[in-house]
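Since the structure comes first, as structure tokens, the remarks are kept for the end.
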Amino acid sequence: MHNDVRHARGSVVLDYKQPIETGSIPDDGTDFDVIVVGGGPGGSAAAAYNAMNGCKVLLIEKDVWPRDKVCGDAVGGKSLSHAKELGVLQLVDESPHYVVDSIIFGSANGSEVRVMLPKEAYEAKGLQSGYALPRQQFDWLMFYRGQQIVRENGGFVLQGFSVLEVTHETSEDGPKITGVRVKSGGLRGEGDELAYTARVTIGAGGYNCPVARTMVSDIFEEPFRDDEHFCGGYREYWEGVDGFEGDEGPIEIHFIDEVLPGYFWLFPVRDGLVNVGIGMLISEQRKQKGRKKSLKKIQDWVIKEHPRFKQRFTKAKMLEGSAKGWQLPFGSPRRNPSSFQPRRSAMAGAMTVGDAASLVDPFSGEGIGNALLTAKMTSAHFDRIAHSQGFPETAADEYMRELWGTLGKELSNSTKLQRMMKWKKLTNWFVKRASKKPEIGEMMSEMIASKEAQKKLWSPWFLFKTIVLP
Ligand SMILES: Cc1cc2nc3c(=O)[nH]c(=O)nc-3n(C[C@H](O)[C@H](O)[C@H](O)COP(=O)(O)OP(=O)(O)OC[C@H]3O[C@@H](n4cnc5c(N)ncnc54)[C@H](O)[C@@H]3O)c2cc1C
């Protein structure tokens, strides 16, 4: 079967609406260096990075491409640098997408500030502003490239196979994950069951990843899911929303009354298509009453009744079948962690990445970047030769220490921002000040593009000087 190609404007482009050919199914009992569970961005990247290190990889995805994924569809600078390294950025550039040049923040009392993400200046600093494109398309391109790299390096790729069980054993050295049992045609299907083993199994199965669940809940009996750190997200695609023209411009985040302590977003993704959604921490959602208990109902109301938004939707039409919800596992630090922050993400024979390791940024809701970053990190911690007898607990601990050492500060800062934005008066005041003082806009744009700059935000003198002084 040809995935390849569609000819447009004289060039050759991949068609992300077609199936992806992934080759033959490995024999039952085959042994690998690395098994990757989940073919989202984290799994596709982990499989590719480890295959590029010379590992024999098995990449397993339960869905069959093309497939949808509920998301806001914003792909930030951190994600784009990995996409570039894996040869995906070029594929994205060749397919329809929206270039995010700025972010509009709106507060409950109607103040708005547009924070520019100046592309050239960012590129000069080695940073990039963001893109927005449907995840059906981005994930297709990531998986397409991931399976290509895996197969070129002697590995195998399965689509339409669900991981039923993560196999493990306990010896005098302690517990160890040894591989997976999979089934074709979904969990309840009549399909074939096969088993595979590997030195290391990488969990990239999203917020309910079977590798993460087996490791955290079953083996270590540590807390896996926590409403204080999980966010509900709801998304619809709309056409004809007023205020968005062309394929470059702002995305919008609104901290409006009816949605607080969550937020309402409008992210154009391409060709006049806009991703419209709402996110709210599940612990906060549980406290709401009436309409506010359901994200779908809140969004319905905002679109039909909200004085600032209803005009923008008068000529708009929702894409049928696009109304879907999903969960975001935040990387906010846990109060009394049982082991590692934000949650255990490795053990002998296993590592987890992205949502499976609970790494979504608690302020922006971005998770693709950290999924790709940790995917690459796994390839630096697993060594095919040194770990030919197995991926030991000591290596697992090193992975977890590097993970939190790299991401701990920015995830902790984002948690503070997230908590701050739920206070209406503070948000109103902050957005109003930002709209009047260009330095605050600049500070916010630095913060979004460079998490390093977030450190400044928590310096009391910097805050006083920038925000409070006239
Ligand atoms: C409403 C919403 C809005 C969001 N907005 C943004 C945004 O704008 N920008 C951003 O960066 N992030 C956003 N996120 C977060 C982002 O979607 C995730 O952080 C990101 O998808 C994580 O990638 P991942 O590869 O770790 O997991 P996933 O993308 O969830 O991929 C997991 C894969 O594993 C597969 N799988 C699951 N179980 C099994 C199994 N048993 N066997 C085999 N395969 C399995 C799944 O089918 C899936 O393909 C949003 C999330 C939501 C819910």
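Residue numbers (this note's numbering): 1266 to 1735. Beta carbons: idealized from backbone N, C-alpha and C, even for Gly. Note that the structure is predicted; figures quoted are calculated from it, not measured.
- By the neighbour-count criterion, in which a residue is buried when 16 or more other Cβ atoms sit within 10 angstroms of its Cβ, T1435 is exposed.
- Under the DSSP definition of a beta bridge, C1496 partners with L1546 and L1593.
- Taking 4 residues as the minimum length, the alpha helix (DSSP H) runs contained wholly in the stretch 1330-1404 are 1342-1350, 1354-1359 and 1384-1389, in order along the chain.
- V1415 and F1421 have their C-alpha atoms spaced approximately 7 Å apart.
- When DSSP states are grouped into helix, strand and coil, A1477 belongs to the helix group.
- Across the structure, V1378 and D1292 are spaced so that their CA atoms are roughly 57 Å apart.
- Between Y1314 and the set E1326, T1579 and V1301, the nearest pair of CA atoms involves V1301.
- Counting along the chain, K1448 sits inside no alpha helix (DSSP H); it lies in the beta strand (DSSP E) bounded by residues G1439 to S1449.
- Short note on E1631: C-beta closer than 7 Å to some heavy atom of ligand 1.
- By the C-beta density criterion, D1404 is buried, having at least 16 other C-beta atoms within 10 angstroms.
- With a beta-carbon spacing of about 4 Å, L1676 and G1596 fall inside the 8 Å limit used to define contacts.
- Distance from the CA atom of S1360 to the CA atom of P1515, rounded to whole angstroms, is 19 Å.
- One Cα belongs to A1477, the other to G1471, and the distance between them is close to 9 Å.
- According to the DSSP assignment, Q1683 belongs to the alpha helix (DSSP H) that extends over E1658 to M1686.
- Ranked by how close their Cα comes to the Cα of L1546, the residues E1667, L1560 and N1693 have L1560 in first place.
- Under the DSSP assignment, Y1281 falls outside any alpha helix (DSSP H); it carries neither an H nor an E label.
- For a cut-off of 8 Å, the C-beta gap from H1494 to S1623 is around 7 Å, short enough to register as a contact.
- Counting C-beta pairs closer than 8 Å gives three or more between the stretch 1282-1298 and the stretch 1315-1326, which meets the contact rule.
- D1296 has T1462 as its beta-bridge partners, per DSSP.
- Between M1407 and S1309, the C-beta gap is smaller than 8 Å, which places the two residues in contact.
- For R1535, no alpha helix (DSSP H) segment is defined; the enclosing uninterrupted segment is the beta strand (DSSP E) at Y1528 to R1535.
- No heavy atom of ligand 1 is found nearer than 7 Å to the CB of Q1412.
- Going by DSSP, S1629 is part of no beta strand (DSSP E) at all; its letter is neither H nor E.
- Remark: three or more beta-carbon pairs, one from each stretch, lie closer than 8 Å, so the stretch 1502-1514 and the stretch 1578-1589 are flagged as touching.
- Taking the Cβ of I1325 as the reference point, at least one heavy atom of ligand 1 falls within a distance shorter than 7 Å.
- Cβ contact annotation for K1697 (same chain, cutoff 6 Å, sequence separation greater than five): S1376, in chain order.
- A contact between stretches requires three or more CB pairs, one per stretch, nearer than 8 Å, and the stretch 1627-1639 fails this requirement with the stretch 1649-1663.
- In this structure, ligand 1 has a non-hydrogen atom nearer than 7 Å to the beta-carbon of W1591.
- Taking 3 residues as the shortest admissible run, the stretch 1566-1612 contains the following complete beta strand (DSSP E) segments, listed from N- to C-terminal end: 1589-1594.
- Contact check for H1362 and A1397: beta-carbon distance about 7 Å, within the 8 Å limit, so the pair qualifies.
- Contact between the stretch 1651-1666 and the stretch 1563-1575 is absent, with fewer than three C-beta pairs closer than 8 Å.
- In this structure, S1449 has its CB at a distance of at least 7 Å from all heavy atoms of ligand 1.
- Around the CB of R1410, 16 or more other CB atoms lie within 10 Å, so the residue is classed as buried.
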